[in-house]
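A.B. asks:
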Amino acid sequence: MPKLISSSEPQKTIGFVAGGIGDQLYHFTQLEHLAQTGVAGKLDLVCMHNRPMRELASGCAWIGDVIDAQPFRHLARPAAFLTACKSLKERGYYRAVIFHRSTSFKLAARLAGIPLRIGLSSGGIDNLLLNAPVALSGGGGRRQRWGHRPFIAALDQYFAPSGLSYLGPSPIQASPVQQAEVQARFGEFPRPWTIVNLFVGDALRRWPPAHAQQMIRTCYDRFGGTVFLNTGPDALDWHDQLASLWSGPPQAFVHLLPDEAPIPFMIALYHQADLYLGVDSFTANLALNCDLPAVILFNKASDSLTYRGRSYPLAPAADKPLDSLTEDDFQTVFSHFDKDRQT
């Protein structure tokens with residue numbers, strides 16, 4: 002099997018990811034590890050949701066160019082697909098790693114003439130397109146850390162011999178300018194700072210505002226500090242409901258609207274905050290990739306993610322909704338968080 006890391010010189014590298022923004026964030030520690038053996042300690046990244054991904058990349062010195070994945074996703078548009086493959090070939094990559102089950106990504110790497118093609122494989126055609134297939138069934142004991150994406154552990158296992166670690170510095174860093182902006186706006190606000198998010202695209206995973214208000218108030222009553230409601234453009238109506246229900250001191254609740262808190266600013270806030278409390282979402286994965294301790298609500302226990310940092314998953318009993326979680330359930334995970342932050 003071809004080696005991941007060359008013993009001679011850095012390898013010009015490209016990674017392929019896909020899915021929602023949070024799904025792509027799953028791979029950032031793996032990607033950063035891969036970039037360490039790339040030219041100038043960087044890799045280029047083919048991904049979806051390019052605008053927010055470019056903003057996230059501003060906190061990742063190890064990401065070079067961000068390339069739109071769309072042309073590589075649609076074999077039904079062969080002209081666009083082949084043009085995109087030609088563009089990759091002209092860039093002269095030596096190594097491609099496909100962090101997704103997509104066969105079209107593997108075909109693109111092959112047609113682009115990339116000599117070393119590593120990627121998740123379900124067998125069959127995938128094995129023909131890759132020269133270093135990584136079986137989806139791999140990963141051993143780490144599979145349980147990846148919730149509904151257990152096959153990601155197979156890549157952990159593949160990278161382990163070359164030193165992959167989830168204990169090092171967070172893969173997304175805050176710029177000094179944004180850190181200073183956070184301090185200028187909120188430096189005098191009481192601690193701890195708790196970042197909250199109720200909304201996610203999947204309606205079954207959203208946190209009902211009335212129940213959320215009660216449990217966030219429980220958190221506030223226990224720890225005090227300041228609650229920051231992190232609102233994306235699609236969450237405005239849902240989060241407005243929470244804001245209208247808030248029963249704590251008005252000065253303890255900060256509603257950050259999208260135009261007030263672009264992603265680079267939120268990266269800096271997440272690095273300076275003390276706790277994330279909210280649903281399994283892009284924001285939850287941003288918290289994990291900024292090493293912010295996170296109480297994450299999952300609509301079923303089997304989806305729980307604990308792949309990085311201090312993660313405290315919380316899920317209702319089988320076939321029960323999120324608002325069936327009790328105050329005692331929350332107090333239990335708050336106790337775990339409180340104990341960890343004092344050690």
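Per our numbering, the very first residue in the sequence shown carries number 2; after that it's consecutive.
Here a beta-carbon is modelled for each residue, glycine too, at the ideal position from N, C-alpha and C.
(1) Name the residue from Asp292, Leu298, Leu32, Arg192 whose alpha carbon lies nearest to the alpha carbon of Ser282.
(2) Suppose you measure from the CA of Gly249 to the CA of Leu112; what does that come to, to the nearest Å?
(3) Please go through the same chain and pick out, in chain order, the residues whose beta-carbon is closer than 7 Å to the beta-carbon of Lys43, but skip the five residues on each side of it.
(4) Using 8 Å for Cβ pairs, my map puts Ala274 next to Leu293. What's the rounded Cβ distance?
(5) Skipping 5 residues on each side, what residues in its chain have a beta carbon closer than 7 Å to that of Asn198?
(6) The ligand MG and Leu298: does the residue's C-beta get closer than 7 Å to at least one heavy atom of that ligand?
(7) In its own chain, which residues sit with a C-beta less than 6 Å from the C-beta of Phe254, not counting the 5 before and 5 after it?
(8) In three-state DSSP terms, what is Asp320?
(9) Would Glu33 and Pro172 qualify as a contact pair, given that the criterion is a beta-carbon distance under 8 Å?
(10) How should Asp127 be labelled, buried or exposed, when 16 other C-beta atoms within 10 angstroms of its C-beta is the threshold for buried?
(11) With DSSP run on the structure shown, which of helix, strand or coil describes His256?
(12) Helix or strand or just coil, what does DSSP make of Phe338?
(13) Does the beta-carbon of Ala185 have 16 or more other beta-carbons within 10 angstroms, so that it is buried, or is it exposed?
(14) From Ser245 to Pro210, what distance separates their C-alpha atoms?
(15) What number of angstroms, rounded off, separates the C-alpha of Pro134 from the C-alpha of Ala161?
(16) Within the 8 Å Cβ cut-off, does Gly310 reach chain B?
(17) Measuring only the C-alpha atoms, how far is Glu261 from Asp24?
(18) Tell me the DSSP secondary structure of Leu12 in three-state form.
(19) Under the assumption that Leu76 contacts Ser105 (Cβ atoms under 8 Å), give the Cβ distance between them as a whole number of angstroms.
(20) Is it buried or exposed for Leu83, if we count other Cβ within 10 angstroms and need 16 for buried?
(21) Count the other CB atoms, across all protein chains shown, that sit within 10 Å of the CB of Ser163; report buried if there are 16 or more and exposed otherwise.
(22) Does the beta-carbon distance from Gln12 to Arg96 come in below 8 Å?
(23) Compute the Euclidean distance between the alpha carbons of Ile153 and Gln71, then round it to the nearest angstrom.
(24) Pick out the complete alpha helix (DSSP H) segments inside the region 112-192, 4 residues or longer, and give them in chain order.
(25) Leaving out the 5 sequence neighbours to the left and right, which residues in its chain are closer than 8 Å to Gly60 when beta-carbon positions are compared?
(26) Tell me, which residues are paired with Gly279 by DSSP?
(27) Quick check: what's the CA-CA separation for Gly39 versus Asp157?
C.D. replies: On the basis of the data shown:
(1) Leu298
(2) 59 Å
(3) Ala36, Trp63, Ile64, Gly65
(4) 6 Å
(5) Asn231, Gly279, Val280, Ser282, Thr284
(6) Questions concerning the ligand MG fall outside what the structure shown contains, since it holds no ligand whatsoever.
(7) Val228, Trp247
(8) coil
(9) yes
(10) buried
(11) strand
(12) helix
(13) exposed
(14) 10 Å
(15) 15 Å
(16) The structure shown contains no chain B; it holds only a single protein chain.
(17) 25 Å
(18) Note that residue 12 corresponds to Gln in the displayed sequence, not to Leu. Reduced to three states, the DSSP call for Gln12 is strand.
(19) 6 Å
(20) exposed
(21) exposed
(22) yes
(23) 22 Å
(24) 126-130, 153-160, 177-187
(25) Ile173, Gln174, Ala175, Ser176, Pro265, Ile268
(26) Asn198, Ile297
(27) 18 Å
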